[in-house]
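Using my numbering, you'd call the opening residue of the sequence shown number 42 and step up by one each time.
Reviewing the structure listed below.
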Amino acid sequence: MTEDKSFKRRVRARMSKTGESYTAARGHVADKRDRERAARTRLAAPADRPSDDAVRAATGKSWDEWFECLDRWGARDRTHGDIARHLVDEHGVGGWWAQSVTVAYERARGMRLKHQQAVGFSVSASKTVAVPVGALFDAFVDDDARAQWLTDGDMTLRTAQPARSARFDWGDGSTRVNVGFVDKGPSKSRVAVAHERLAGADDAEAAKAAWRRRLAQLEAYLEG
42 MTEDKSFKRR VRARMSKTGE SYTAARGHVA DKRDRERAAR TRLAAPADRP
92 SDDAVRAATG KSWDEWFECL DRWGARDRTH GDIARHLVDE HGVGGWWAQS
142 VTVAYERARG MRLKHQQAVG FSVSASKTVA VPVGALFDAF VDDDARAQWL
192 TDGDMTLRTA QPARSARFDW GDGSTRVNVG FVDKGPSKSR VAVAHERLAG
242 ADDAEAAKAA WRRRLAQLEA YLEG
């Protein structure tokens, strides 16, 4: 399907969903397309990934050499898993670097946006707080404590391992929040939050900014 046909299909789909006129729907779809293109352009830059020296030392090729190699193989028409397996099986690339090269290739060729994962989009944020890890854990899993700092959303606990991890449904359960805890001493601990299954790049950017703000509120609550 050509890009023009795909664009018109997306416009008609929005019209059907929202009841907007063709002109209004076209404007919204065009704005989203332009934002996605800008994101792809930003993420193709070498600054968004390890240096050429690093990837060459680890895998034997620079980024551009890998991209050309994968183009010749036909990676544009392959899945993420196919590409990663090809790098491991045919080129002897280690698992972590195979994933890194695959993601970098998909971004450089416009196949993957920032924060995009196999299922939706995912963002992460972390914070070191001057409290024991047990207090940090309780601030997430205890409903009353969580309400003191999480003021702009709702989480429902799914599973937890005391002072190690906790998994939540966010809001209506369409997205998930996974939280990990690290004990860094008697009065210091670290939390890492991953918000997963987000719908798009804009949602991911908004969620990342929101979690930075929320963890700052958490820190103020625990240390205040």
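Just so it is clear, CB atoms sit at the ideal spot from N, CA and C, and this is done for glycine as well.
Point to revise | Minimum length 3: unbroken beta strand (DSSP E) runs contained in the region 204-241 | key: The beta strand (DSSP E) runs of length 3 or more contained entirely in the region 204-241 are, from start to end of the chain, 206-211, 216-224, 230-239.
Point to revise | Beta-bridge pairing of L263 - partner residues as DSSP gives them | key: In the DSSP output, where bridge partners are listed per residue, L263 has none listed.
Check your understanding: Around the Cβ of T100, are there at least 16 other Cβ atoms within 10 angstroms (buried) or fewer (exposed)?
Key -> By the neighbour-count rule (16 or more Cβ atoms within 10 Å), T100 is buried.
Practice item. Write down the C-beta distance between F222 and V174 rounded to the nearest angstrom, noting that I regard them as a contact closer than 8 Å. Key: Between V174 and F222 the Cβ distance is about 5 Å, and since that is below 8 Å, they are a contact.
Practice item. Determine, using beta carbons only, whether W190 and A261 come nearer to each other than 9 Å. Key: yes
Review point. In its own chain, which residues sit with a C-beta less than 8 Å from the C-beta of L239, not counting the 5 before and 5 after it?
Key: H156, G161, F162, S163, V164, T216, A245, A248
**Study point:** Top-ranked residue by Cα proximity to E147, from K58, R205, W107
**Key:** Among K58, R205, W107, the Cα nearest to that of E147 belongs to W107.
Review point. At what residues does the alpha helix (DSSP H) containing T100 begin and finish?
Key: 93-100
Review point. Thinking C-beta only, is V182 closer than 9 Å to A268?
Key: With the chain covering only 42 through 265, there is no way to say anything about residue 268.
Check your understanding: Taking the alpha-carbon positions, what's the L259 to T192 distance?
Key -> Computed Cα separation, rounded: 10 Å.
Check your understanding: By Cβ distance below 8 Å, which residues in the same chain neighbour S62 in space, the five residues on each side in sequence not counted?
Key -> M56
Check your understanding: With a Cβ-Cβ cutoff of 9 Å, do M196 and F178 count as a contact?
Key -> no
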